[in-house]
Every structure is written in structure tokens, then in C-alpha cells.
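Colleague:
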Amino acid sequence: MPNLFDLKLVFTQIPKLLEELPVTLELVFFALIISFLLGVVIALIRVANVPVLSKIAVAFVSLMRGTPIIVQLYATYFGIPIFLRYVNYYRGTEYNVNGIPGIVFAIIALGLNHSAFDSETIRSAILSVDKGQIEAGKALGMSNFQVFRRIIFPQAGEVALLPLGNSIIGLIKGTSLAFSCGVVEMTAVGKILAGRNYRYFEVYVSLGIIYWVITLVLEFIIKRLEKKVRVPKEAPELKAEELEALRKNLQTVSAARPVKEGVANGVC
Amino acid sequence: MAFVEIRDLSKKFGDNQVLDHIDLDIEKGQVVAIIGPSGTGKSTLIRCLNRLEKPESGSISFHDQKYDLTTKNHKEILSLRQHTEMVFQQFNLLKNKNALENIMEGLVTVKKLGKEEAREIALREIDKVGMLDRINHYPAHLSGGQQQRVAIARALSMDPELLLMDEPTSALDPELVGEVLLTIKTIAQEGNTILLVTHEMDFVRKVADRVIFLENGKIVADGTAKEIFDKPSNERLRQFLVKVKMLEGSEYNI
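Sequence lines, in order, name chains A and B. Its first residue numbered 0, the first sequence is counted upward by one per residue in numbering that gives the first Met the number 0. Its first residue numbered 0, the second sequence is counted upward by one per residue in numbering that gives the first Met the number 0.
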């Protein structure tokens, strides 16, 4: 029987592929920052319906969602240098077009692409916050920023957590396309390795295992986060002795405190 | 000068004049109940007083501090809101915070108190409404009546000069109304100044120092509970009381 599938190779070449894991993680990390920050900004612009900017945001989201990520990667990879050459030509500047590492284009393309999707997730999460919750904060005397920071953000965050987790997972796998910008990350290394020994199937199985494990770790983290932000199903009961201690403490405090003015005056 | 003075309060929704040049004085420690048919602007009236709604005209004064209720100045609105607190029909406890945290929230973020001090005040207030054993419960774990009692404790912890209550028992199951009314009665007897919108006429009769009948955006009748319920002078008021079964009607049948 010929050696059609080299199972051993699938595992022995994983360490070689993992050498480029930092590049993949670097892509994910920076693209994530861009996509999240820009996503929040776009979502806020659209929720607040800022004139002009809101229209631009709608067009941007439509463009980013309506074109394939691979097209966007090539478009940034070729487009930004062309743009810079024009700038150099007309303004007499001397930007070094070839000095920009490919990873920058990949980060920009992935970040912009995901920001469009994330903005919609974040927007719907913000809109899902009950008006009564916001009014409660206002009635307490909170400023608009405090209402956003203390009420809208945490409650919308809870809603957005799972879909944003989806988006991050999508982003991790999206980095496998960064080779089109000349970035040598894990998948690119795999292609190079397979080019030498023609073991393409084995290398893609290896890559599949690695991406899956990364996703499993991420799923675990998201699950932990979810548990942290969700209101527990069961009411946390107060122990009898804790309650007793609270009661005692309250009695000593109220004994030391002057009675409320209204009661003292006998206003009823 | 009255403790709280409301002057020339008007509010329109589209062409609908919900509040029509309302003047109202409230004395310290008074419990004022607003009654009237639905859609006459009872809730709108108290929502204008802390600028959850923006009226077309009106002002409110607390002793010598006067606020233009139409102001767009954010700082002024925040300052106004520190004089009042609101108890909502739907309780509106922050759902991702437990009972104690809900009460501490305003003390920490708005009054800028330290965590320890805020906690002490919150514990005192929550004990007063009889919810000390449930400080760790989240709103989802509490019944409507319990949520509303926590909401009342939250409002009182901020030490408001005027407590606004917007139909505090309307969203409750009948068997839970009693506990909330009892809580309101207690805080009324403690000397809090309260402006209350409610449909609980029996409760109004027992607890309110003063009753205001609002119809079509105008104060049609204003007097003690006895004057309003026992010898209603106004024909519209009489009809309303017949409808809510506080008066025997001649042609009353089911």
C-alpha cells in the first residue's frame, strides 16, 4: 500500500507551523483593537444619528460587508501604495512605499472588515438596553457619560459578548488569508512546507487542528467571561449569621446617629 | 414662599396640550396625590419636574433655588435632578446589579461618596423597607413588590427634597400592592415630601395630605382628601369618582 496519507507528518510538522503562531496572534491582536474601537465609534455615530458621519458610516459598513475579505486584502495591499505614490507625486513628499511591511496592510484590511460587522453587533446591543434603565440613571442625577459608562456599556456588553466572540473567532481564521499581503503566518508557512514535499493534504489537516485548538481556548475564555457578567440564575442567599451581623451593626450605627429631621419635628 | 414652587408648566405632545399652565405649591413634608383620568398628563407632570420630559414652559423652585424647566444646559439639568428622585411604575432597578449595589450606585457616582459610607447608607435604607435579607438578590430574583421597595430605598438614599412617584403600584400583582403601599405610608410618615401619581384611591384617602384632580392638563380640583372624596365640588371630579367607584353613582350598573 502506498503512503497516500502520512498521519505522522500531520503531527510532526505542527511545531514548525507554530513557529509562526506569534505572527497570527499579532494580526489578531491589532486587527481586533481596530475593529472594536472603530466598531464602537461607528455604532455610536449611527445610534446618535450624527449628520453626514452617519451616512458615511452606512456606506462604509455596506461596502465592507458587501465585498469579500480577499478582495479587501488585495485592495489595501495594492491600493495604499498607489495612493502614497500619488501623494508623493503631487505634494513632493518622499514616503517610502516599499518600506511598509505587509502585515500593516493585512491588519488594516482585517480590522476595517471586522469593524463593519462589529459595529452592527454593538449598535443592536446598545439599542437593546431598556429605556427605563437609562431613565433610572438620569433620575438619579447621572451625567450622560455616567449613564453610558455605568448602565448602557455594561448592559450592551453583555448582549454583545457572544456575537463579538463569534467575530473574534472569524478574525482568527481570516488571518489565514494574510499571505495575499505577503505576510508569512501559519497558513503561509504550511503552503511553503507543502510546496517542498507536496504533502498538501497533511499540512491543511495540521493547520485545521491548530486553528481548532485556538478556537477552543477562545470559546473557553468567552464562556468564563459570560459567566462573570451574567446575573446568576439562583439568588445568592445571605447566610443567617451574616444577616445577624448586619442587623447588629445597623443598630449600633443608628443609635449613634441623630434621628432624621422630619421625624424629630413630628411632621406627619 | 412654599417649599417647592412649580410655575406655568406647559407641555405639548404634537397638537395635544397635555399640561396647560400648571401652578403648584408643595409644603415641606406634604404628601400630594395627583389623580385623574388616564391621558390627562399626570405622569407627564412629574416627569417634567426632573426633566425626563422637556416642557414648553415652566419653572420649579426649591427654597431660593430656581430652575427653568426648559433649559438645555446639561449642568443645570443635573443640578435640578439632585433635588428630586423618582420611583417608576416599572421599578427600573438596574438589572445587572444586586439590590444593595442598586442603592449604592447613585451615592457613589452622583454623590461621590466612598464605597464604605455608601454601603452603610444603603444598608440603612434597605433595612427600612424590610429587604435587608435580600441585599445580594438581583432584580430578576425579586418579586415586583420587592423590587419596588428596593427602588423606594434607592430614591430615599439620595435624600431628595421632593420624591416623585409615578404610579408605583400599577405594574404590581394585586397581592403585592399592599406591601408597597405600606412602605410608602411609612416614608410619608417619616416626613418626606412626596408628589404621587396613583390610582389607589383608598390609599390616597388615608395617606395624602392633599389631593389634586387633573383633567385635560389643568388642575380642576385641589384640596384635602376629605374635601375631594366626601364633598366633591366639581362636576367633572364627581363623574370621575363615580367611575372609580369612590362615589355612589345614580346610573351605575355593570
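For every residue, glycine included, the Cβ atom is placed at its ideal position computed from N, Cα and C. These figures come from a predicted structure and were not determined experimentally.
1) Considering only DSSP beta bridges, list what Val252 (chain A) is partnered with.
2) Just to confirm my understanding: we take Ile69 (chain A), look at its own chain, exclude 5 residues before and 5 after, and list those with CB closer than 8 Å. What are they?
3) Using 8 Å as the Cβ pair cut-off and three pairs as the minimum, do the stretch 119 to 133 of chain B and the stretch 155 to 162 of chain A touch?
4) Let me confirm a value: Gly265 (chain A) is counted as buried when at least 16 other C-beta atoms fall within 10 Å, else exposed. Which label applies?
5) Counting only beta-carbon atoms, is Lys259 (chain A) nearer than 8 Å to chain B?
6) Using 8 Å as the limit for Cβ to Cβ distance, is Cys267 (chain A) near chain B?
7) Residues of chain C with CB closer than 8 Å to the CB of Leu139 (chain A), please, in chain order.
8) Where does Thr83 (chain B) sit, in a helix, a strand or coil, going by DSSP?
9) Along the stretch 200 to 216 of chain B, what residues have a CB closer than 8 Å to any CB found in chain A?
10) Please report the straight-line C-alpha distance between Glu184 (chain A) and Phe77 (chain A), rounded to a whole angstrom.
11) List the residues of chain A whose Cβ lies closer than 8 Å to the Cβ of Asn95 (chain B), in chain order.
12) I'd like to know whether the C-beta atoms of Val179 (chain B) and Thr192 (chain B) end up nearer to each other than 8 Å.
13) Find the nearest neighbour of Glu199 (chain B) within the set B:Pro159, B:Ile186, B:Leu240, judged by alpha-carbon distance.
14) Checking the sheet assignment: what are the DSSP bridge partners for Asp30 (chain B)?
15) For Gly144 (chain B), which three-state DSSP category applies?
16) Since Ile25 (chain B) contacts Leu161 (chain B) with CB under 8 Å, what's their CB separation in whole angstroms?
17) Could you give the residue range of the alpha helix (DSSP H) that holds Ala74 (chain A)?
18) Are the C-beta of Gly98 (chain A) and some C-beta of chain B separated by less than 8 Å?
19) In this structure, does DSSP put Ser60 (chain B) in helix, strand or coil?
20) Along chain B, which residues have their Cβ under 8 Å away from the Cβ of Val252 (chain A)?
21) I want to verify the contact list: residues of chain A whose CB lies under 7 Å from the CB of Met139 (chain B), in sequence order.
22) Does the beta carbon of Phe87 (chain B) sit closer than 8 Å to a beta carbon anywhere in chain A?
23) What three-state label does DSSP hand Glu214 (chain B) in the structure shown?
24) Taking C-alpha atoms, which residue in B:Asp19, B:Leu23, B:Lys111 lies nearest to Ala1 (chain B)?
25) Just the C-alpha distance for Ala124 (chain A) and Ser232 (chain B), rounded to the nearest angstrom, thanks.
26) Excluding the 5 residues flanking Glu19 (chain A) on each side, which residues of the same chain have their C-beta closer than 6 Å to its C-beta?
27) Within its chain, find whatever has a CB closer than 8 Å to the CB of Arg229 (chain A); leave out the 5 residues flanking it on each side and keep chain order.
28) So which residues of chain B does Arg223 (chain A) contact, with C-beta pairs closer than 7 Å?
29) What are the residues in the stretch 108 to 134 of chain A lying within 7 Å of chain B by C-beta distance?
30) Evaluate contact between the stretch 218 to 232 of chain B and the stretch 70 to 79 of chain B, counting only Cβ atoms and requiring at least three cross-stretch pairs below 8 Å.
31) Classify Met164 (chain B) as helix, strand or coil using the three-state DSSP reduction.
32) Please report the straight-line C-alpha distance between Glu100 (chain B) and Ala47 (chain A), rounded to a whole angstrom.
33) Taking contact to mean at least 3 C-beta pairs separated by less than 8 Å, is the stretch 46 to 64 of chain B in contact with the stretch 82 to 95 of chain B?
34) Quick check on the DSSP output: what are the complete alpha helix (DSSP H) runs of length 4 or more inside the stretch 81 to 146 of chain A, in order along the chain?
35) Excluding five sequence neighbours on each side, which residues of the same chain lie with their C-beta closer than 6 Å to the C-beta of Ser60 (chain B)?
36) So, with DSSP's three-state summary, where would you put Phe178 (chain A)?
Modeller: The structure says:
1) As a working mapping, residue 252 (chain A) is identified with position 253 in the first sequence. Beta-bridge pairing links Val252 (chain A) to no other residue.
2) Taking the first residue of the first sequence as position 1, residue 69 (chain A) is located at position 70. For Ile69 (chain A), where only same-chain residues beyond five positions count, the Cβ hits under 8 Å are Leu176, Ser179.
3) no
4) As a first step, residue 265 (chain A) must be located in the first sequence, where it is residue number 266. Annotation note: pLDDT 38 at Gly265 (chain A) (below 50); position unreliable, coordinate value reported separately. Flag for Gly265 (chain A) reads exposed.
5) Residue 259 (chain A) sits at position 260 when you count from the first residue of the first sequence. Its pLDDT being 46, under 50, Lys259 (chain A) is placed unreliably by the model, and the measurement read from it follows with that caveat. True, the Cβ-Cβ gap to chain B drops below 8 Å.
6) Here residue 267 (chain A) is taken as the residue at index 268 of the first sequence, counted from 1. At Cys267 (chain A), the pLDDT of 35 sits below 50, so the modelled position is not reliable and the matter cannot be decided from this model.
7) Included in the structure are the protein chains A and B, with no chain C among them.
8) The count along the second sequence starts at 1 and reaches residue 83 (chain B) at position 84. Thr83 (chain B) falls in the strand class under three-state DSSP.
9) none
10) Along the first sequence, read from residue 1 onward, the residue named residue 184 (chain A) stands at position 185. Along the first sequence, read from residue 1 onward, the residue named residue 77 (chain A) stands at position 78. Cα-Cα distance, rounded: 19 Å.
11) The count along the second sequence starts at 1 and reaches residue 95 (chain B) at position 96. Chain A residues near Asn95 (chain B): Pro153, Gln154, Glu157, Val228, Val230.
12) As a position in the second sequence, residue 179 (chain B) is number 180, starting the count at 1. As a position in the second sequence, residue 192 (chain B) is number 193, starting the count at 1. Cβ distance not < 8 Å, so Val179 (chain B) and Thr192 (chain B) don't count as in contact.
13) Looking up residue 199 (chain B) in the second sequence gives position 200. The residue with the shortest Cα to Cα distance from Glu199 (chain B) is B:Leu240.
14) Looking up residue 30 (chain B) in the second sequence gives position 31. According to the sequence displayed, residue 30 (chain B) carries Val and not Asp. DSSP lists B:Ile193 as partners of Val30 (chain B).
15) Walking along the second sequence from the start, residue 144 (chain B) turns up at place 145. It is helical.
16) For this step, residue 25 (chain B) is matched to residue 26 along the second sequence. For this step, residue 161 (chain B) is matched to residue 162 along the second sequence. Contact holds; Cβ gap of about 7 Å.
17) Here residue 74 (chain A) is taken as the residue at index 75 of the first sequence, counted from 1. Per DSSP, Ala74 (chain A) belongs to the alpha helix (DSSP H) from 68 to 90.
18) Taking the first residue of the first sequence as 1, we reach residue 98 (chain A) at position 99. Not closer than 8 Å to any Cβ of chain B, the Cβ of Gly98 (chain A) fails to qualify, so no.
19) Start at 1 with the first residue of the second sequence, and residue 60 (chain B) comes out as number 61. Strand at Ser60 (chain B).
20) The sequence position of residue 252 (chain A) within the first sequence is 253, counting from 1. Within chain B, the residues near Val252 (chain A) are Glu119, Arg123.
21) Against the second sequence, residue 139 (chain B) aligns to sequence position 140. The sequence as given places Ala at residue 139 (chain B); Met does not occur at that position. Val230, listed in chain order.
22) The residue you call residue 87 (chain B) lines up with position 88 of the second sequence. For Phe87 (chain B), the answer is yes, since a Cβ of chain A falls inside 8 Å of its Cβ.
23) Residue numbering aside, residue 214 (chain B) sits at position 215 when the second sequence is read from its first letter. The answer is strand: DSSP assigns Glu214 (chain B) an E or B state.
24) The count along the second sequence starts at 1 and reaches residue 1 (chain B) at position 2. Nearest C-alpha to Ala1 (chain B): B:Leu23.
25) Residue 124 (chain A) sits at position 125 when you count from the first residue of the first sequence. Residue 232 (chain B) sits at position 233 when you count from the first residue of the second sequence. The straight-line gap from Cα to Cα measures roughly 53 Å.
26) Position 20 of the first sequence, counting from 1, holds the residue named residue 19 (chain A). Excluding residues within five positions, the ones whose Cβ falls inside 6 Å are Glu184, Met185, Val188.
27) Numbered from its first residue, the first sequence carries residue 229 (chain A) at position 230. Counting only Cβ-Cβ distances below 8 Å, and skipping sequence neighbours, we find Glu157.
28) Working through the first sequence from its first residue, we reach residue 223 (chain A) at position 224. Residues of chain B passing the Cβ test: none, with the nearest at roughly 17 Å.
29) Gly131, Gln132, Glu134
30) no
31) Numbered from its first residue, the second sequence carries residue 164 (chain B) at position 165. Met164 (chain B): strand per DSSP, three-state reduction.
32) Counting from 1 along the second sequence, the entry for residue 100 (chain B) is found at position 101. Counting from 1 along the first sequence, the entry for residue 47 (chain A) is found at position 48. Roughly 29 Å between the two C-alpha positions.
33) yes
34) 101 to 126, 130 to 139, 143 to 146
35) Within the second sequence, numbered from 1, the residue matching residue 60 (chain B) stands at position 61. The answer, listed in chain order, is Glu4.
36) Translated into positions along the first sequence, residue 178 (chain A) becomes position 179. Note: Phe178 (chain A) maps to helix in three-state DSSP.
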